[in-house]
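Just below is one structure, and these are the notes that go with it.
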Amino acid sequence: MLKIKDLQAQIEDNQILKGINLEINAGEVHAIMGPNGSGKSTLSSVVAGRDEYEVIGGTIDFEGEDLLDLAPEERAHKGIFLSFQYPVEIPGVTVSNFIKTAINESRKGRGEEPMEAREMLAKMREKSALLEMDKSYLSRSLNEGFSGGEKKRNEIFQMAMLEPKLAILDETDSGLDIDALRIVANGVNKLRSKDNAVIVITHYQRLLDYIKPDFVHVLYKGRIVKSGGPELALELEERGYDWIKAENA
Amino acid sequence: MSDEILDEITASDYKYGFTTDIESDTVPPGLNEEVIRMISAKKNEPEWMLEWRLDAFRIWSEMVEPEWPNVTYQKPDFQAISYYSAPKQKKELDSLDEVDPELLKTFERLGISLDEQKRLSGVAMDVVVDSISVATTFKKTLGEKGIIFCSMSDAIQEHPELVRKHLGTIVPKRDNFYAALNSAVFTDGSFCYIPKGVRCPMELSTYFRINEAGTGQFERTLVVADEGSFVSYLEGCTAPSRDENQLHAAVVELIALDDAEIKYSTVQNWYPGDANGLGGVYNFVTKRGLCERNAKISWTQVETGSAVTWKYPSCILKGDHSVGEFYSVAVTNKYQQADTGTKMIHLGKNTKSTIISKGISAGKSHNSYRGLVRVGARAENARNFSQCDSLLMGDQCGAHTFPYIEAQNPTAQIEHEATTSKIGEDQLFYCNQRGIGTEEAIALIVNGYCKEVLNQLPMEFAVEAQKLLEVSLEGSVG
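Following this line, the structure appears as structure tokens:
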């Protein structure tokens with residue numbers, strides 16, 4: 001589904017990604033871990049198409065198509081979703097209006113008809129219930145006055161509504177208490193299928209107790225320096241990142 | 001990326017910039033007593049009206065054009081303007097079917113087929129093209145309730161006692177330079193009277209259109225809501241794209257007697273000039289309302305057009321417990337300049353006012369909020385809440401706020417909040433990532449920002465205003 005080859009990217013002449021290689025197939029969950037400043041969020045921004053980052057080498061192929069040629073919204077139309085670490089506020093735009101616009105613009109981008117209002121409403125009810133959100137939530141301004149946990153739940157709610165092929169969760173666990181973590185993880189797990197894939201970016205093992213990864217990668221100084229199964233995450237939890245740093249000094 | 005998109009806006013066309021080929025009856029350019037007599041005679045006005053105009057002309061002749069607004073423009077040459085232009089009509093019209101088909105086509109292009117309006121939305125409408133009111137729909141339906149809704153010309157003929165009693169009482173002839181000019185040369189406008197205790201069953205609406213080149217539009221609107229009555233009134237305006245600047249100097253007077261309520265909404269979309277700031281309408285307007293005891297006046301405006309705008313819809317809260325409201329969205333783009341706001345004059349006890357102003361500046365435009373809240377010595381327990389927000393798009397525009405507060409009564413409670421923000425790359429990227437393109441994202445963000453104001457508009461016009469905002473800001477990226 002996603003093939004990243006020798007990806008290099010910089011921001012303002014500061015090279016962050018120094019040759020990433022990663023292959024993800026449908027049905028898989030990959031965790032990307034690593035210390036602060038290793039390039040985890042940069043990787044997710046580059047895949048999503050944020051234009052502050054300049055790609056200076058390598059390729060990203062998504063289902064046979066070169067992603068780097070596409071605008072961020074076109075990537076979204078193809079089924080790429082990024083759950084933001086810091087979701088933005090849009091005052092005066094309700095959650096329901098925002099998600100309706102997102103769904104219908106994506107459908108338009110794929111040459112499909114807008115979703116019928118009744119179907120939309122039913123889906124919103126279903127997915128907000130899945131994430132244990134209060135009814136009033138849909139008519140609140142997007143992220144305005146939301147607690148940290150509500151913002152993250154809102155990201156996963158949007159993911160549930162948009163049903164992406166590839167979801168990237170960028171530190172979705174940060175700022176969540178244990179109940180919220182369970183709800184969010186439960187939401188993600190319900191959406192897993194053999195047809196879609198998930199990349200979980202996190203510092204901690206904690207989230208991976210709930211969202212079981214198939215593969216774990218360690219990102220350090222702009223490169224993937226270690227890959228393994230779920231046991232790698234446990235090892236990192238136990239030993240910290242110092243040994244990784246030492247190995248790659 | 002930003003530059004590219006900014007270029008794109010400049011290329012986006014003003015949708016209403018067509019002219020209509022209608023035979024017009026236009027007086028030669030210039031302004032003197034003779035021209036005023038001519039206008040008055042063409043309209044077959046009574047002697048008192050002519051005297052009133054001449055008096056205004058004499059006052060105006062001694063006044064100078066104001067310099068204090070935060071706008072710069074080439075001052076109009078008042079001798080180069082034609083003060084009267086009317087679509088030629090062969091005879092008195094009994095129904096819309098008899099209106100010049102070219103004119104009806106104009107309305108269709110404006111998206112306001114009168115027939116449609118009549119049937120579907122139940123909006124009673126008066127249309128003023130150039131100087132003259134060409135059609136007033138729904139007169140009969142309204143007549144049954146005793147409501148008078150007609151052109152100002154007709155009102156002078158048919159209801160002289162009402163016009164004479166109220167005209168110029170809220171905006172006196174010598175109020176300001178453009179109000180004096182308007183008083184001397186106004187050629188038409190709308191008049192509305194709602195009798196005691198009557199709730200007007202439909203929205204009343206006036207559509208203004210400048211068509212003829214080299215003309216100014218000087219309309220005069222007077223709305224009188226008698227005790228305990230209610231009316232919701234809406235005006236809309238467009239003009240063709242022309243290289244020259246056209247002058248629009250209107251006066252609107254509202255009178256809300258005891259327990260009455262007037263809701264006055266404006267969607268202003270005069271031609272804003274081209275990408276280089278050439279042409280466009282000068283929109284110099286005086287709007288003011290008077291509230292008697294327990295009365296309420298609510299102004300809502302969505303201002304997207306005009307090269308230069310200069311207007312402050314105001315409320316004089318004379319009666320105890322009266323309420324004034326001002327909800328405004330002002331958008332400037334390209335080289336547009338707007339200096340707009342309101343005045344809330346609290347005279348009575350327990351009077352209340354609310355001001356919500358949302359300015360949006362893009363391109364190389366300048367957008368100023370100017371507002372006055374005055375609490376008189378006898379206005380015990382007056383309360384005001386003002387909120388003035390500015391949204392900037394790009395780095396070549398300006399937003400300015402000039403709030404004035406004068407409180408002469410120690411019990412006054414006045415609150416003022418102001419914010420300035422930019423549409424951030426973060427917000428745009430967030431929307432993009434959800435599949436929403438940049439143009440749609442801006443529309444979404446701007447509509448959210450203006451929501452409190454748009455919510456005040458009558459339903460059918462809220463949709464129109466929303467579309468207008470999107471068109472006005474097409475391509476402007478923060």
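Line by line, the protein sequences give chains S and G. Using this note's numbering, read the first sequence as starting at 1 and increasing by one per residue. Using this note's numbering, read the second sequence as starting at 1 and increasing by one per residue. All residues carry an ideal CB built from backbone N, CA and C; glycine is no exception.
Below the 9 Å Cβ cutoff, chain S contributes I90, V93, N97, F98, T101 as neighbours of L444 (chain G), in chain order. Between S314 (chain G) and R288 (chain G) the beta-carbon gap is near 5 Å, inside 8 Å, which marks them as a contact.
Closer than 8 Å to the CB of S106 (chain S) there is at least one CB belonging to chain G.
The region 303-323 of chain G and the region 66-79 of chain G touch, with three or more beta-carbon pairs separated by less than 8 Å.
Taking 7 Å as the Cβ-Cβ cut-off, the region 148-167 of chain G has no residue approaching chain S.
A straight-line Cα-Cα distance of about 19 Å links Y137 (chain S) and Y449 (chain G).
The beta-carbon of I356 (chain G) is placed no less than 8 Å from the nearest beta-carbon of chain S.
With its beta carbon at least 8 Å from every one in chain G, G57 (chain S) lies outside the interface. Cα atoms of L247 (chain G) and Y73 (chain G): separation of roughly 12 Å, rounded to the nearest angstrom. As DSSP reads the structure, L169 (chain S) sits in a beta bridge with S:S83, S:V200. In this structure, K263 (chain G) keeps its C-beta atom at 8 Å or more from the C-beta atom of C291 (chain G). For the region 315-356 of chain G, the full-length beta strand (DSSP E) segments reaching 3 residues or more read 323-332, 337-346 along the chain. By a beta-carbon distance limit of 8 Å, K334 (chain G) does not contact A399 (chain G). Their separation comes to about 15 Å.
Counting C-beta pairs with one atom in each stretch, the region 141-153 of chain G and the region 228-248 of chain S have fewer than three that are closer than 8 Å, which means they do not touch.
C450 (chain G) carries a coil assignment under DSSP once its states are collapsed to helix, strand and coil.
Flagged as an interface residue toward chain S: Y430 (chain G), by a C-beta distance shorter than 8 Å.
Listed by position along chain S, the residues whose Cβ is nearer than 7 Å to that of Q427 (chain G) are V88, I90.
Flagged as an interface residue toward chain S: I436 (chain G), by a C-beta distance shorter than 8 Å. When rounded, the separation of the alpha-carbon atoms in A31 (chain S) and D389 (chain G) is 43 Å. Comparing alpha-carbon positions, the option among S:L207, S:G222, S:S227 lying closest to V216 (chain S) turns out to be S:S227. Taking all protein chains in view, the Cβ of Y282 (chain G) is crowded by 16 or more other Cβ atoms within 10 Å, so the residue is classified as buried.
S386 (chain G) sits close to V373 (chain G), with the two beta carbons spaced by under 8 Å.
The C-beta distance from T187 (chain G) to I39 (chain G) rounds to 6 Å, short enough to fall under 8 Å. In chain order, R434 make up the part of chain G whose C-beta sits under 9 Å from the C-beta of Q158 (chain S). A straight-line Cα-Cα distance of about 21 Å links L457 (chain G) and R140 (chain S).
Taking a cut-off of 8 Å for Cβ pairs, the region 62-77 of chain S and the region 435-448 of chain G touch, as three or more such pairs fall below it. In the DSSP assignment, F149 (chain G) falls within the unbroken beta strand (DSSP E) covering 148-151. For R182 (chain S) and Q205 (chain S), the gap between their C-alpha atoms comes out near 14 Å.
Within the model, the alpha-carbon separation for L428 (chain G) versus D395 (chain G) is close to 16 Å.
Of the other Cβ atoms in all chains shown, 16 or more fall within 10 Å of the Cβ of I211 (chain S); this residue is therefore buried. Chain-order list of chain G residues neighbouring G109 (chain S): G435, G437, by C-beta distance under 9 Å. A distance below 6 Å between beta-carbons, with the five flanking residues on each side excluded, links K40 (chain S) to the following residues of its chain, in chain order: I32, G34, I201, L219.
Residue state for E244 (chain G) is assigned as coil, using DSSP reduced to three classes.
For E440 (chain G), the residues of chain S that pass the 8 Å Cβ criterion are T101, E105, in the order they occur in the chain.
With its beta carbon less than 8 Å from one in chain S, Y449 (chain G) belongs to the interface. Within chain G, the residues whose beta carbon sits less than 8 Å from that of L82 (chain S) are Q433, listed in sequence order.
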